[in-house]
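One structure is given below, encoded as structure tokens.
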């Protein structure tokens with residue numbers, strides 16, 4: 001399964017948003033990968049280093065690819081993380 005999502009948190013996929021993203025990805029029985037929507041390269045969504053290494057910013061589109069028993073649920077939960085502003089963003 002695959003999904004394109006726009007990153008909403010102002011920090012992009014760094015610090016707290018990345019931590020929440022990786023924690024969420026690891027909570028499902030699915031192999032989830034992440035990459036920029038316009039690139040073919042994907043990294044493991046279960047790796048904090050790989051996720052932050054993408055250097056994804058606020059407003060960028062990312063591609064989520066999931067395979068496994070919980071693939072759809074994982075994509076739903078990760079889309080929620082990426083499309084929800086951090087509490088600091090709302091100030």
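Numbering (UniProt numbering), first residue to last: 1 to 91.
Just so you know, even glycine gets a beta-carbon here, dropped at the ideal spot from N, CA and C.
Keep in mind that this is a model prediction, so the values were computed, not measured.
In the DSSP output, which residue or residues are listed as bridge partners for residue i?
| i | result |
| --- | --- |
| residue 6 | 61 |
| residue 13 | Paired residues: none, contrary to the question. |
| residue 74 | Answer is none; residue 74 lacks a bridge partner. |
| residue 44 | 33 |
| residue 67 | 31 |
Do you know whose CA, among the options, lies nearest residue i's CA?
| i | options | result |
| --- | --- | --- |
| residue 37 | 28, 60, 29 | 60 |
| residue 46 | 57, 24, 63 | 24 |
| residue 55 | 17, 78, 1, 30 | 17 |
| residue 57 | 30, 28, 85, 27 | 85 |
| residue 71 | 9, 30, 63 | 30 |
| residue 49 | 39, 22, 67, 82 | 22 |
Helix or strand or just coil, what does DSSP make of residue i?
| i | result |
| --- | --- |
| residue 84 | coil |
| residue 119 | Since the first residue of the chain shown is 1 and the last is 91, residue 119 is not available in this structure. |
| residue 23 | helix |
| residue 79 | helix |
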